[in-house]
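Participant:
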Amino acid sequence: MKIDFEDERPIFQQIALGIEDAILTGAFEEEEQIPSITEFSVTYKINPATALKGINLLVDAGVLYKKRGVGMFVTEGAVMKLKEKRKEEFYDSYVRSLIEEAKKLGISGDEIIAMVARGYER
Amino acid sequence: MSGIELRGVSKRFKDVTALDNVTLNFEENKIYGLLGRNGAGKSTMLNIISNRLFPDEGEVLLDGQPVRENDMAQGQIFLISEKTLYPEKMKIKEAFKWTQEFYPDFDVEKARSLAEEFGLSDKKKVDSLSTGYETIFKVILALCVNVPYVFFDEPVLGLDANHRELFYKHLLTKYGEDPFTAVISTHLIEEVSNVIEEIVIIKRGKIIYNESRDELLGKGYTVSGNAGRVDSYIKGRDVIGTDSLGGLKTAYLLGRPDRGSMPEGLELTGMDLQKLFIQLTNE
């Protein structure tokens, strides 16, 4: 996972997204322990409070849970949960910006659909 | 109150007021950024906290007790500063032991291993070090001293990118293992921005901001695009600065963005700490 300090999204959100991606790609598996707050903090040179804030987003979403005195673990069923959530966000995060850019360039709706079909076939 | 507390601290040097009625609290176990332009009063403040200077007015308390000429309190505070206070001709390894005399929890073993990692030979004499290695030497002391309040005055002065990264890594590792209060005074704002939790900005001897980084960054935003449209949006708003490039304009604003009345085609972005700092401390 990568943190982009130029990105306008706050770092804690990027941490949460990075962990989500790691879970979705299987880098962090369900019922497995994820790195500690200190490891995130040291690796990305960020304040531990920022790392904690990112992790807490995922705890609140039921994607991670805390084992007292041990650390943070990926919840069973987290992958399904994340896929559902990401699908819901798909329109807002991708389709909307795709259309915005297409309008700027004068690309029609039909042309977009044709391009998408072409890309999907690959 | 626990932590270090400055109460109405003022300090004048002839006709210059270096600190003007400063009231401030450094809480336990937090990482602070102390930011200010040259001559803003940062070093004066640190020297007063560490008993190297006395205030004209006001006082500094540690857990409610005055720090002035208080050895117990001073044993809890460590300052790395521009001046090297070690005897001439003393070797690095002797200096580590010497530091342990004053700070019994100083970890000599760790200091030796850090010196090796930073490529600092402990056989060298303290007064023969280059700017970069003098900084490294002082940073190593600060990372090994094991006291609850450590003040880093320009901890990355003269360090190359690798050594700066190594410093932040060790700082955060130590903080993660055994939290303490770290106050970092630096001009490299961008770099320290994500490491710190709290920000203190000092301007001409006065504290102008003292809050969490997230809160401070949430106060400002940037709008850029076509100059005419930017101008129409920023009219009547709290603008702290602008940049122009041909027909493009970037405006730095305080407050919350008002998306509803923002003309189309303008780009809205967050404020980064360095830009905010420059705009807030411009004379």
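If you read the sequences in order, they're chains A and B. Sequential numbering of the first sequence, starting at 1, is according to full-length UniProt numbering. Sequential numbering of the second sequence, starting at 1, is according to full-length UniProt numbering. Ideal placement from N, C-alpha and C gives every residue a C-beta, glycine not left out.
#1: Out of A:G77, A:K104 and A:I19, state which residue places its alpha-carbon closest to the alpha-carbon of S36 of chain A.
#2: Using the rule of at least 16 other Cβ atoms within 10 Å of the residue's Cβ for burial, across every protein chain shown, is I34 of chain A buried or exposed?
#3: Whole-angstrom Cβ separation of L166 of chain B and F118 of chain B, contact assumed at under 8 Å?
#4: Excluding five sequence neighbours on each side, which residues of the same chain lie with their C-beta closer than 6 Å to the C-beta of R37 of chain B?
#5: Give me the subset of the segment 266-277 of chain B whose CB atoms are less than 8 Å from a CB atom of chain A, sorted by chain position.
#6: Give the residues of chain B in contact with A102 of chain A, contact being defined as C-beta atoms less than 7 Å apart.
#7: In the DSSP assignment, find the alpha helix (DSSP H) that holds E31 of chain A and state where it starts and stops.
#8: So, with DSSP's three-state summary, where would you put T186 of chain B?
#9: How would you label P148 of chain B, buried or exposed, when you count the other beta carbons within 10 angstroms and need 16 or more for buried?
#10: Checking 8 Å against the spacing of the C-beta atoms, do V183 of chain B and F137 of chain B come in under that value?
#11: Which residues in the same chain have their Cβ closer than 7 Å to the Cβ of Y175 of chain B, if we skip the five residues on either side of it in sequence?
#12: Do I202 of chain B and K42 of chain B have their C-beta atoms within less than 8 Å of each other?
#13: Per DSSP, what are the beta-bridge partners of F73 of chain A in this structure?
#14: Helix, strand or coil: which one does DSSP assign to K14 of chain B?
#15: Mind pulling the chain B residues with CB within less than 8 Å of K45 of chain A?
#16: Would you mind reading off the limits of the alpha helix (DSSP H) that contains E165 of chain B?
#17: Going by DSSP, what residues sit across from V42 of chain A in a beta bridge?
#18: Name the chain B residues that come within less than 7 Å of V42 of chain A, Cβ to Cβ?
#19: Scan the UniProt domain "HTH gntR-type" (9-77) of chain A for residues whose Cβ lies nearer than 9 Å to a Cβ of chain B and list them as they occur along the chain.
#20: Can you pull the chain A neighbours of I31 of chain B, defined as C-beta to C-beta under 8 Å?
#21: Measuring CA to CA, which of B:I92, B:T131 and B:L24 is closest to D122 of chain B?
#22: Measure the C-alpha to C-alpha separation of E101 of chain A and E267 of chain B and round it to an integer number of angstroms.
#23: Between the C-alpha atoms of R229 of chain B and P263 of chain B, what's the straight-line distance to the nearest angstrom?
#24: Just how far apart, CA to CA, sit E191 of chain B and V95 of chain A?
#25: Which residue spans inside the segment 50-82 of chain B form an unbroken alpha helix (DSSP H) run of at least 4?
#26: Would F5 of chain A pass as an interface residue toward chain B - the criterion being a Cβ-Cβ separation below 8 Å?
#27: Go through its chain and collect everything with a Cβ distance to I207 of chain B's Cβ below 8 Å, but skip five positions before and after it.
#28: Suppose the cutoff is 6 Å on Cβ atoms and the five residues either side in sequence are ignored; what does the same chain contact list for F96 of chain B look like?
#29: Pop quiz: P257 of chain B and Y221 of chain B are said to be a contact at Cβ under 8 Å. What is the actual Cβ separation, rounded to whole angstroms?
#30: Which whole-angstrom value describes the C-beta separation of I49 of chain B and K11 of chain B, a residue pair presumed to lie in contact below a C-beta threshold of 8 Å?
#31: How about E11 of chain A and T50 of chain A: do their beta carbons lie closer than 8 Å?
#32: If you draw a straight line from the C-alpha of V59 of chain A to the C-alpha of T43 of chain A, how long is it?
#33: Might you give, ordered along the chain, the residues of its own chain that have their beta carbon closer than 8 Å to the beta carbon of K249 of chain B, omitting 5 neighbours on each side?
#34: Going by the DSSP bridge assignment, what does T181 of chain B pair with across the sheet?
#35: Between R68 of chain B and Q100 of chain B, what straight-line distance do the alpha-carbon atoms span, to the nearest angstrom?
#36: Determine the DSSP secondary structure at I107 of chain A, reduced to helix, strand or coil.
Facilitator: Straight from the coordinates:
#1: Position 36 of the first sequence holds residue 36 of chain A. Per the C-alpha coordinates, the member of A:G77, A:K104 and A:I19 positioned closest to S36 of chain A is A:I19.
#2: Locating residue 34 of chain A in the first sequence gives position 34, counting from the first residue. Counting Cβ neighbours within 10 Å, I34 of chain A comes out buried, since at least 16 surround it.
#3: Against the second sequence, residue 166 of chain B aligns to sequence position 166. Against the second sequence, residue 118 of chain B aligns to sequence position 118. Right, their Cβ atoms sit about 7 Å apart.
#4: On the second sequence, position 37 is the one that residue 37 of chain B refers to. Correct list, in chain order: T281.
#5: Here the close residues are T269 and G270.
#6: Against the first sequence, residue 102 of chain A aligns to sequence position 102. Listed by position along chain B, the residues whose Cβ is nearer than 7 Å to that of A102 of chain A form an empty set, because the closest Cβ is around 16 Å away.
#7: Working through the first sequence from its first residue, we reach residue 31 of chain A at position 31. From DSSP, E31 of chain A is part of no alpha helix (DSSP H); its letter is neither H nor E.
#8: For the purposes of this step, residue 186 of chain B is taken as the residue at position 186 of the second sequence. Note: T186 of chain B maps to coil in three-state DSSP.
#9: What you label residue 148 of chain B is simply residue 148 of the second sequence in a count that begins at 1. It is buried - the Cβ of P148 of chain B has at least 16 other Cβ atoms within 10 Å.
#10: Mapped onto the second sequence, residue 183 of chain B falls at position 183. Mapped onto the second sequence, residue 137 of chain B falls at position 137. The answer is no: Cβ separation not under 8 Å.
#11: Stepping through the second sequence from its first residue, residue 175 of chain B is reached at position 175. So the list reads I31 and A182, once near-sequence residues are dropped.
#12: For the purposes of this step, residue 202 of chain B is taken as the residue at position 202 of the second sequence. For the purposes of this step, residue 42 of chain B is taken as the residue at position 42 of the second sequence. Cβ atoms of I202 of chain B and K42 of chain B: closer than 8 Å.
#13: As a first step, residue 73 of chain A must be located in the first sequence, where it is residue number 73. A:Q33 and A:Y65, per the DSSP bridge assignment.
#14: Your numbering for residue 14 of chain B matches position 14 in the second sequence. In this structure, K14 of chain B counts as coil in the three-state DSSP scheme.
#15: The count along the first sequence starts at 1 and reaches residue 45 of chain A at position 45. In chain order, E165, Y168, K169, L172, N194 and V195 make up the part of chain B whose C-beta sits under 8 Å from the C-beta of K45 of chain A.
#16: Within the second sequence, the letter at position 165 stands for residue 165 of chain B. Note, E165 of chain B: alpha helix (DSSP H), A161 to E177.
#17: For this step, residue 42 of chain A is matched to residue 42 along the first sequence. Paired residues: none, contrary to the question.
#18: On the first sequence, residue 42 of chain A is found 42 positions in, with the first residue counted as 1. The contacting residues are K169, L172, T173 and G176.
#19: Among the residues of the UniProt domain "HTH gntR-type" (9-77) of chain A, those with a Cβ less than 9 Å away from any Cβ of chain B are R9, P10, I11, F12, S36, I37, T38, E39, S41, V42, T43, Y44, K45, I46, N47, P48, A49, T50 and K53, in the order of the chain.
#20: As a position in the second sequence, residue 31 of chain B is number 31, starting the count at 1. Result: N47.
#21: Within the second sequence, numbered from 1, the residue matching residue 122 of chain B stands at position 122. Nearest C-alpha to D122 of chain B: B:I92.
#22: Here the question's residue 101 of chain A lines up with position 101 in the first sequence. Here the question's residue 267 of chain B lines up with position 267 in the second sequence. Straight-line Cα distance between these residues: approximately 14 Å.
#23: Position 229 of the second sequence, counted from the start, is the residue given in the question as residue 229 of chain B. Position 263 of the second sequence, counted from the start, is the residue given in the question as residue 263 of chain B. Straight-line Cα distance between these residues: approximately 6 Å.
#24: The residue given as residue 191 of chain B occupies position 191 in the second sequence. The residue given as residue 95 of chain A occupies position 95 in the first sequence. Rounded to the nearest angstrom, the two C-alpha atoms are 35 Å apart.
#25: 71-74
#26: Translated into positions along the first sequence, residue 5 of chain A becomes position 5. Judged by the 8 Å Cβ criterion, F5 of chain A is in contact with chain B.
#27: In the second sequence, residue 207 of chain B corresponds to position 207, counting from 1. So the list reads V22, T23, L24, V200 and I201, once near-sequence residues are dropped.
#28: For this step, residue 96 of chain B is matched to residue 96 along the second sequence. Closer than 6 Å at Cβ, skipping near neighbours: V108 and A111.
#29: By 1-based counting over the second sequence, the position of residue 257 of chain B is 257. By 1-based counting over the second sequence, the position of residue 221 of chain B is 221. Going by Cβ atoms, the distance from P257 of chain B to Y221 of chain B rounds to 5 Å, so yes, they are a contact pair.
#30: Residue mapping note: residue 49 of chain B aligns to position 49 of the second sequence, counting from 1. Residue mapping note: residue 11 of chain B aligns to position 11 of the second sequence, counting from 1. That belief does not hold up - the Cβ atoms of I49 of chain B and K11 of chain B are roughly 12 Å apart, past 8 Å.
#31: For this step, residue 11 of chain A is matched to residue 11 along the first sequence. For this step, residue 50 of chain A is matched to residue 50 along the first sequence. The displayed chain sequence assigns Ile, not Glu, to residue 11 of chain A. Contact check for I11 of chain A against T50 of chain A passes: the beta carbons are separated by less than 8 Å.
#32: As a position in the first sequence, residue 59 of chain A is number 59, starting the count at 1. As a position in the first sequence, residue 43 of chain A is number 43, starting the count at 1. Spanning the two alpha carbons is a distance of roughly 21 Å.
#33: Sequence index remark: in the second sequence, residue 249 of chain B carries index 249 (1-based). Same-chain partners within the cutoff: S224, G225, N226, A227, V230, D231, T242 and D243.
#34: Position 181 of the second sequence, counting from 1, holds the residue named residue 181 of chain B. Answer is B:Y149.
#35: Translated into the one-based positions of the second sequence, residue 68 of chain B becomes position 68. Translated into the one-based positions of the second sequence, residue 100 of chain B becomes position 100. When rounded, the distance between both Cα atoms is 22 Å.
#36: As a first step, residue 107 of chain A must be located in the first sequence, where it is residue number 107. In this structure, I107 of chain A counts as coil in the three-state DSSP scheme.
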